[in-house]
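Here this note's numbering is used: position 58 in the sequence shown is 68, and no number is missing along the way.
Notes to accompany the following structure.
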Amino acid sequence: MADILLLDNIDSFTYNLADQLRSNGHNVVIYRNHIPAQTLIERLATMSNPVLMLSPGPGVPSEAGCMPELLTRLRGKLPIIGICLGHQAIVEAYGGYVGQAGEILHGKASSIEHDGQAMFAGLTNPLPVARYHSLVGSNIPAGLTINAHFNG
Numbered sequence: 011m012a013d014i015l016l017l018d019n020i021d022s023f024t025y026n027l028a029d030q031l032r033s034n035g036h037n038v039v040i041y042r043n044h045i046p047a048q049t050l051i052e053r054l055a056t057m058s059n060p061v062l063m064l065s066p067g068p069g070v071p072s073e074a075g076c077m078p079e080l081l082t083r084l085r086g087k088l089p090i091i092g093i094c095l096g097h098q099a100i101v102e103a104y105g106g107y108v109g110q111a112g113e114i115l116h117g118k119a120s121s122i123e124h125d126g127q128a129m130f131a132g133l134t135n136p137l138p139v140a141r142y143h144s145l146v147g148s149n150i151p152a153g154l155t156i157n158a159h160f161n162g
């Protein structure tokens, strides 16, 4: 199982994520986004099989504490997954665009299709997921791998 550093972008859902990850056997440490990026990079270096997970949160990625710097410094060095604001930050860090969605989806269920790899291994396909957003990423840069998508 992975050691996960979960960057808390000041969102209550962060602890739901941590609980779910821990119940699946992952070691999870949580740091708020106001901690210096260097401190988090040093902590990641002590972890076995580290993954950086970027939580949801309010606002825009560029104003989310150390998250933009972390993405710049860790690009290509370890697996990074973002949820909501964290996902938007990854898109922007790699040169994509985040803008208004054509449809606001708050608390809506959708079925996504995925590649069945890594975190999707063994999950149903299509996979029912909850969606809660009013922004979407577009112009996804070639350096990013899209593992799941919604056709709709």
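Quick reminder that beta carbons are idealized off the backbone N, C-alpha and C, glycines included.
(request) Figure out for me which residue from Pro68, Asn135, Leu64 and Ala131 has the closest Cα to the Cα of Phe160. (result) Asn135
(message) Which of the three DSSP states is assigned to Arg85 in this structure?
(response) coil
(request) Apply the 10 Å Cβ neighbour rule to Thr49 and answer buried if 16 or more other Cβ atoms are within range, or exposed otherwise. (result) exposed
(request) Helix, strand or coil for Gly92, going by three-state DSSP, please let me know. (result) strand
(request) Might you give, ordered along the chain, the residues of its own chain that have their beta carbon closer than 6 Å to the beta carbon of Arg42, omitting 5 neighbours on each side? (result) Asp18
(message) Can you tell me whether His44 is helix, strand or coil according to DSSP?
(response) coil
(request) Could you name the residues of the same chain whose beta carbon sits closer than 6 Å to that of Tyr104, not counting the 5 residues immediately before and after it, in chain order? (result) Pro151, Gly153 and Leu154
(request) Grab me the residues of Val146's own chain with a C-beta within less than 6 Å of its C-beta, minus the 5 sequence neighbours each way, in chain order. (result) Ala111
(message) Under 8 Å, with one C-beta from each stretch per pair, do the region 59-67 and the region 92-109 reach the 3-pair mark?
(response) yes
(request) With distances taken Cα to Cα, identify the nearest neighbour of Leu137 among Thr82, Pro78, Ser121 and Glu79. (result) Ser121
(request) Hey, could you find the ends of the alpha helix (DSSP H) Asp29 is sitting in? (result) Phe23 to Ser33
(message) Cutting at 6 Å between CB atoms, please list the residues of its own chain near Val38, excluding the five before and the five after it.
(response) Ile14, Leu16, Ala28, Leu31 and Arg32
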